[in-house]
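Asks:
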Amino acid sequence: MVIYGVAALAVCMLAGALVGELLGAAVGVDANVGGVGFAMIMLILVTHQLRRKGKFPEASEQGVLFWSAMYIPIVIAMASAQNVVKAVTGGPMAILAGLGAVAAGFALVPALARIGEPGEPLETLQTLSTDEKQEA
Numbered sequence: 004m005v006i007y008g009v010a011a012l013a014v015c016m017l018a019g020a021l022v023g024e025l026l027g028a029a030v031g032v033d034a035n036v037g038g039v040g041f042a043m044i045m046l047i048l049v050t051h052q053l054r055r056k057g058k059f060p061e062a063s064e065q066g067v068l069f070w071s072a073m074y075i076p077i078v079i080a081m082a083s084a085q086n087v088v089k090a091v092t093g094g095p096m097a098i099l100a101g102l103g104a105v106a107a108g109f110a111l112v113p114a115l116a117r118i119g120e121p122g123e124p125l126e127t128l129q130t131l132s133t134d135e136k137q138e139a
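For the sequence shown, our numbering gives the first residue as 4, with consecutive numbering after it.
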């Protein structure tokens, strides 16, 4: 059922918000620190585990996809705008920490790209448009 996918998303969002608030309190900041990010990581891990066990049917996956297409980008955009305002008003250390996180993310791309088995390359756009013309 679609509602189970929405429920999984809601639970992950609430748990991520709680972790973000606790992390903010631990570092002495009166804000949610990374709650949306934690929620997305939890959602990925939970849905992957449920799929592996065969307990996450296609209809439930549609519930997650529905909200991911609509809700998650809006929340991330709002959170990132708030983080930028806090970073600029927080002084140079906050900006340096953000730049350090971005640099670490870029540095990890090659390592993350080696994880897993190589997949089939995608078809080129020219091949796809030719195939679509033949079908029509």
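Heads up, the beta-carbon is just placed ideally off N, CA and C, and yes, glycines get one too.
Cβ of ILE44 within 9 angstroms of Cβ of GLY19?
Replies: Residue numbering aside, residue 44 sits at position 41 when the sequence shown is read from its first letter. Residue numbering aside, residue 19 sits at position 16 when the sequence shown is read from its first letter. The answer is yes: Cβ separation under 9 angstroms.
Asks: Is LYS58 helix, strand or coil by DSSP?
Replies: Looking up residue 58 in the sequence shown gives position 55. If DSSP states are grouped into helix, strand and coil, LYS58 belongs with coil.
Asks: Please determine, among PRO76, ALA11 and TRP70, the residue with the shortest C-alpha to C-alpha distance to GLN52.
Replies: The residue given as residue 52 occupies position 49 in the sequence shown. Answer by Cα proximity: ALA11.
Asks: What is the residue span of the alpha helix (DSSP H) that ALA110 lies within?
Replies: Sequence index remark: in the sequence shown, residue 110 carries index 107 (1-based). Per DSSP, ALA110 belongs to the alpha helix (DSSP H) from 95 to 116.
Asks: Less than 9 angstroms between the beta carbons of VAL22 and PHE41, yes or no?
Replies: Locating residue 22 in the sequence shown gives position 19, where the first residue counts as 1. Locating residue 41 in the sequence shown gives position 38, where the first residue counts as 1. Yes. Within cutoff.
Asks: Roughly how many angstroms lie between the CA atoms of PHE69 and PRO124, to the nearest whole one?
Replies: As a position in the sequence shown, residue 69 is number 66, starting the count at 1. As a position in the sequence shown, residue 124 is number 121, starting the count at 1. Looking at the two C-alpha atoms, the distance is approximately 27 angstroms.
Asks: Quick check on DSSP: helix, strand or coil for THR127?
Replies: Reading the sequence shown from its first residue, position 124 is the one you call residue 127. Three-state DSSP puts THR127 in coil, outside helix and strand.
Asks: Mapping DSSP to helix, strand and coil, what is GLY141?
Replies: The chain is shown from 4 up to 139; residue 141 falls before or after that span and cannot be answered.
Asks: Is it buried or exposed for PHE59, if we count other Cβ within 10 angstroms and need 16 for buried?
Replies: Along the sequence shown, read from residue 1 onward, the residue named residue 59 stands at position 56. Its Cβ being crowded by 16 or more others within 10 Å, PHE59 is buried.
Asks: I'd like to know whether the C-beta atoms of THR50 and GLU61 end up nearer to each other than 9 angstroms.
Replies: If you number the sequence shown from 1, residue 50 lands on position 47. If you number the sequence shown from 1, residue 61 lands on position 58. No, the Cβ-Cβ distance between THR50 and GLU61 is not below 9 angstroms.
Asks: Would you kindly check if the distance between the Cβ of LEU26 and the Cβ of VAL36 is under 9 angstroms?
Replies: On the sequence shown, residue 36 is found 33 positions in, with the first residue counted as 1. On the sequence shown, residue 26 is found 23 positions in, with the first residue counted as 1. Closer than 9 angstroms, so yes.
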